[in-house]
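Numbering (full-length UniProt numbering), first residue to last: 1 to 1225.
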C-alpha cells in the first residue's frame, strides 16, 4: 500500500545515512508529511538551522507518480525559500532522494564563510568572460532540471556531496579531493584506457566520468565483432555517473544499498568517440516511462533515450547501446560494489562473483565462514590481450595499496564480462557450466533466465535481423522446422510461458502432414500423456460467417470463453485437410464474436493440388496480411465449425507433442519477405504490433529461434547483386553464407595453433580447406553447439573426430538424407513458408595442413583437435522462390584475388572443379606471418619494454590520433580539458601587495616572464614563409577579430609568459585575418616532455604558428599550421596532432567540431596542450632543416580531414593554396 511504503521508506532512513547538513528527520502530523533540519554544509554551517517541511500532495500515488510540496519556517532566510521554490526533478522520487536533492539545492544557495552568496570563478572577469559564464550557467541548469535523466532506472538522483566516514569528509573543492581524482583517473589512463569527464568533476558536483578503449584492442575476432554488431574502430565506453560528486572506491564500498543507488550509475555504450557529449551523457541516463513510450510510439520511442543501434554500417559516430548493454548495466549497478567488498578481502573476480551469488541465495553470512574455494586463484585466458586479463587489485597500481581506482576497477570488470560474454549467463551472470563454445552469448539452463532474457529485451532484435538479413532468418527457421519435424530437436523453448493450440498426437493428420517417419511416431505412453494434458482444453461449436468475419455460438456458454486478443484454431468440413488460426477482434456483442482474417494453412500433403480451403475470406479492416483467397462455388452464410483456444501450456506436453506444437506455430508465420515489408512500412518497426497476423506464441518462438542461434551467419547472396569479393567459385547452384562458430577467442586459438604447426612442420601452406556435410536436421544443433564429435550419426569407421572431405560431392551424400511419408513420397520436411526451400547444407572449413597428425587422412580428413578447425562458409542447396535469386545462384565468376592453397589438397566443388576462395575472406596467411606473444595476437614486444607498457596493450597510454594516410583506424582526438585535468595542480602561493603593485603607468606587452627562457620580440618575421596576404575583408568578421585581439592583449598584460605559454606581438600584425603566434614554455607543463629536451638541445625558444581566418569567421574555424620547426610525422613516431606538412589536425579546427562561440584564447590553449600532451606527443625532426611550406600544409590538412571524415571549411582551398611570399632567409 502507498502509505505503508511511505512509512517504511521514512523509517528505514538511518541518521548516519542522511546527507551532510541534514538532521532530525521526523514524520509530520499529516499523512505524507515529514520534516528535517538543514544546518548547512560542514565547510560553511548556517548561523541558525532551518526546518524544511515536505508534503506529498496525494499519498495514494506514492512511490510511482507522486509530487512534493516544499516550504520552510517563516523566519528562514530569503534565499532558503527561493532555493526551495527552484528545486526541480522531485516528482516520483523516494524520500531519501528527495532529501538529497533539497540538500544539494540549499548547499548551493547558501552563503560562503564571508557571508556572500557563492559565485564561483566570477572575480575579475571581463565582459566576454562573464558572458561565457552565463553560458556555463545554462549548462548547469541542464543538470538541475534533469534529475529524471540522472535517476534513470537505477533511481539515481541529484543530492549533496555525501561521504561515509570521518576520513572521507573532505570538502569537494579541497586540494586533497582533486588530487585523489587525478590519481584515480591517471591510474586508469596508465593502464591503457582513455579517460574523459563531463560536468563538474573537480567541484564535487554532478559529473560523468568515461573510461574507454578501442574494440580492436580487445582481442575479439572480426567474426565476433560482426556477430556483436560492433566495429574495430569504435570505442567501448563505460560512463560512470556521480550525481552527488565523485566518490572513491573506499567511499562507495562503505555505502549501504539504500545510499548507493543515488550516488552511482553506469551505462555501457559504443561510440566513434572516446567520450560522450554532455547531451549524450544525460540522454544515456534518461529513462522513458512506459506510458510515455506508448504515447510516442509513432516516433519510435524507446525505453532508453539512446537506443541500440541496429545498423552500425552507416558510419554514425554517436553514442549507442551495444548488443548486451542492458544486462551489463544491470550487472554493474547491482553487483560491482558488493563484489569489490569481497575483492578487498583477497578474493579473485571469480571468487567474489561466486560468493555474491552464494550470499544472495543463502542470505548474509559472516566473512569468517567463507569457504576457501572462493579465494582460489583464477587461471588467465592466454588467448586474450594483457589489457583484458589485467587486474588492478592484483597488481596494485595505486600510489597506496589501500587506494584503488574505482573507474579502473569498473572498466576491468566490464571487460571481463564484455569480452568473455559467452562464458556467462546474460541474466544471472553465473559462469555457464557447458563445454559448448559459441560466438554469441546466451543464458543458462534455468527456465527463469530464458524467460527474462526474452521478455526483458536482453536478446537480439529480431526486427533488425529480418530487415538486414531476411534469408538468414529464413534459414534459421528452416533448420529448426526440419529438426522439429523429424523429432531431432533436443532443446525446447521451455520457460517462455507459451500457450499453444491443443495437441492431438494420436490423430493421423498432424504426423502425416509433417511426414514423420514411422519409427519416429509417438509411442502409446506419450500419446496418453498428451491426451491427459489436453483434456482441459474445451472445443466449442460455432457458426462461421466468412463474409463478415464473425462466428456465433450454437450453445452459448455462461461466460465468454475468449477475450479480445485471444488466438483460436478452428476447423470445418469445408476446410480440406487443414485448419484456420485467427485472432479474436471483438467480443462486445457476445455470443457473436468478431475475428480477424484467418491465417490459412498451406496444404502439406504433397500428393494432390488441392488448396487449403474452399472458402473466400473477407479481409478485416485492421489486417495487414496478404491472405490468399480462393473463389469457389457459392457457400452458405453460416458454416458449421469447431474451435479451440490457444490455452495449452507448452511445458506440460511431451517431447513428441512439443515438436508438433512448434511446427504448427511456425506454420502460422508469414514468410520473411512479408515480415520485412511490414517492418519497412510501419513505425515503430516491431512485429509485436502485427497483432492480427502473428500470434504471441509464434512471435516468442521466432524470437527464441533467432536469439538462441550462437553462430555468426552473414548473407553473401541476397536480393541485391552478390558480394563478388566474398563469393567462392566452384559451387554453382548453392547459396553462400559467411559462417563462423566458437567462442570469441576461437579465431585466436586457431591462429595460434596454425602458427605452431607451421613453425614445427615448416609449411608453405599452413592451412587447407575441406567440406563437412551433415543432415539438414542436425544444423539447428550445430549452429548452437559448434562442431564436435560427441554423437555418431553415421558411424566412425576411421576413428573419433570431425569428418571432412576434399570433394564436395562426398560430403553432399551425407547432407541430402530424406524421409518418406506414409504414401511413399520423398520429402525434406521443409518449412512451408520458406522462400529458400532448403534441401541440404554443408560447411567449408579451414583446417591445419597436417594430415599426418589427423586421426585419419584417407579417404577422409578426421580431425580430432577442434582448435585446428575454423568454419568459414556455409553452402545451402535450395530452390528459391525468387527467380532473380535462382538465376544468380546459377552464375559464378572467379574472385579477382584468390587465397593461395596447397595444390595437392585444393578442395573441389560440385562439378569437381577446383574451388577458388577470395583472398579478402581469409586472413590466415597474413596472420600467421605475425610473430609475437603466443596466443595474444599482438605485436612483438620490444626488448626492455616495461610491464606497465605491456599492460597498456597495443595503444600506449592513450590512442594516438592517426594522421598518416596509411592508417585506416584513426584515433579520436583527446579533449584538451581531459588532458589538462590530469596535470598536477601547482602549489598555491600567497599573493603579496608588492606583487600586485603597478610599477609603471605604461602598459607592458606582458606582465612578466615567470619561469621561462622565452624572450618576446626576438622572432624575425621577415624569415617566415607565409601565405599570401588575404585581400578580402568583411565588416562583421573584422570587428570580431579585432575584439579577439584586444582580449588576447589584455590577457597577455595580466599574465606571465610562463603561465600563458603563447605570445602574440600585436604590433606586428598588419592584417587581422593573418596572425603569427609563438608557443613556448612547454617545461611548465612537464619537464619530461620530449619536446622540452629537443628544443633545449637545438636552442629553440618557441614554435611558430601561422593562423589564418576566412571571411566567414567565427562561423568557420581558423586554419592553424606550424611554420617552424619541422616535426616527425605519426608514421615516424611523432604525434601532437601535427600532420605531414605542418597543419594542425584537430576536430576543433574543422567544420565538424568547430563552435562559433569558441574564443581564440581557448583555441590557443587547446592547440598548445594538443601538441605537448597528446599520446603520442609531438617530437622535433632533428635531422630536418628549413620551414614548412604553405602548399604541403594545406595538402596535409585536407588529407587528415578526409581520413577522419571531417568537413573541410568552405573557401579553405582558395585561402590556403598558393605560393608563399618570397622572403630573405
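For glycine and all other residues, C-beta sits at the position ideal for the given N, C-alpha and C. For clarity, every value in this text was computed on a predicted model and none was experimentally measured.
Cβ-based neighbour list, residue i, same chain, cut-off 7 Å, excluding 5 preceding and 5 following
i	result
residue 8	none
residue 423	431 and 432
residue 230	215, 270, 312 and 322
residue 947	Confidence is the limiting factor: at residue 947 the pLDDT is only 31, short of 50, which leaves the residue's position unreliable and the question unanswerable from this model.
residue 491	none
Extent of the continuous alpha helix (DSSP H) run through residue i
i	result
residue 195	Residue 195 -> not in any alpha helix (DSSP H); beta strand (DSSP E) instead, spanning 194-199.
residue 273	Here residue 273 belongs to no alpha helix (DSSP H), and DSSP marks it neither H nor E.
residue 757	746-761
residue 352	349-362
residue 860	No alpha helix (DSSP H) holds residue 860; DSSP gives it neither H nor E.
residue 809	808-812
residue 777	From DSSP, residue 777 is part of no alpha helix (DSSP H); its letter is neither H nor E.
Residue nearest to residue i in terms of C-alpha spacing, selected from the options
i	options	result
residue 193	464, 725, 414 and 659	414
residue 898	914, 224 and 734	914
residue 410	1123, 93, 546 and 241	241
residue 1161	1174, 1098, 1069 and 1041	1041
residue 419	387, 448, 392 and 179	387
residue 497	274, 647, 1106 and 590	647
residue 1045	743, 1070 and 375	1070
residue 427	440, 421, 404 and 453	453
residue 716	757, 351 and 874	874
residue 740	221, 65, 80 and 25	221
residue 228	1018, 833, 752 and 324	324
residue 544	809, 595, 376 and 589	595
residue 1214	1083, 1166, 1094 and 1032	1032
Under the three-state DSSP convention, the category residue i falls into
i	result
residue 1034	coil
residue 1119	strand
residue 143	Residue placement at residue 143 is poorly supported in this model, since its pLDDT is 35, which falls under 50; the coordinates still yield a value, given next. Note: residue 143 maps to helix in three-state DSSP.
residue 821	Confidence is the limiting factor: at residue 821 the pLDDT is only 43, short of 50, which leaves the residue's position unreliable and the question unanswerable from this model.
residue 1203	helix
residue 716	coil
residue 302	With a pLDDT of 39 at residue 302, under the threshold of 50, the modelled position of this residue cannot be trusted, and the question is left open.
residue 36	strand
residue 431	strand
residue 567	strand
residue 584	strand
residue 1078	strand
residue 844	strand
residue 238	strand
residue 423	helix
Own chain partners of residue i with C-beta closer than 8 Å, once the 5 adjacent residues on each side are dropped
i	result
residue 1134	1127, 1128, 1176, 1178, 1179 and 1181
residue 335	353, 356 and 429
residue 83	105, 106, 108 and 109
Contacting residues, own chain, Cβ-Cβ under 6 Å from residue i (five flanking each side not counted)
i	result
residue 429	331
residue 155	Below a pLDDT of 50, predicted positions are generally treated as unreliable, and residue 155, at 35, falls in that range; the measurement from the model is reported next regardless. Result list for residue 155: 261, in chain order.
residue 569	501, 579, 581 and 644
residue 765	849 and 902
C-beta neighbour in chain C for residue i, strict 8 Å
i	result
residue 448	Going by chain labels, chain C is absent from the structure shown, which holds only one protein chain.
Start-to-end residues for the beta strand (DSSP E) that takes in residue i
i	result
residue 69	68-72
residue 415	Residue 415 -> not in any beta strand (DSSP E); alpha helix (DSSP H) instead, spanning 406-419.
residue 1164	Residue 1164 -> not in any beta strand (DSSP E); alpha helix (DSSP H) instead, spanning 1160-1173.
residue 1105	1103-1108
Anticipated Cβ contact below 8 Å, residue i with residue j, distance rounded
i	j	result
residue 482	residue 829	5 Å
residue 780	residue 480	5 Å
residue 328	residue 237	With 8 Å as the limit, residue 328 and residue 237 do not qualify as a contact, their Cβ atoms being about 12 Å apart.
residue 1102	residue 1078	4 Å
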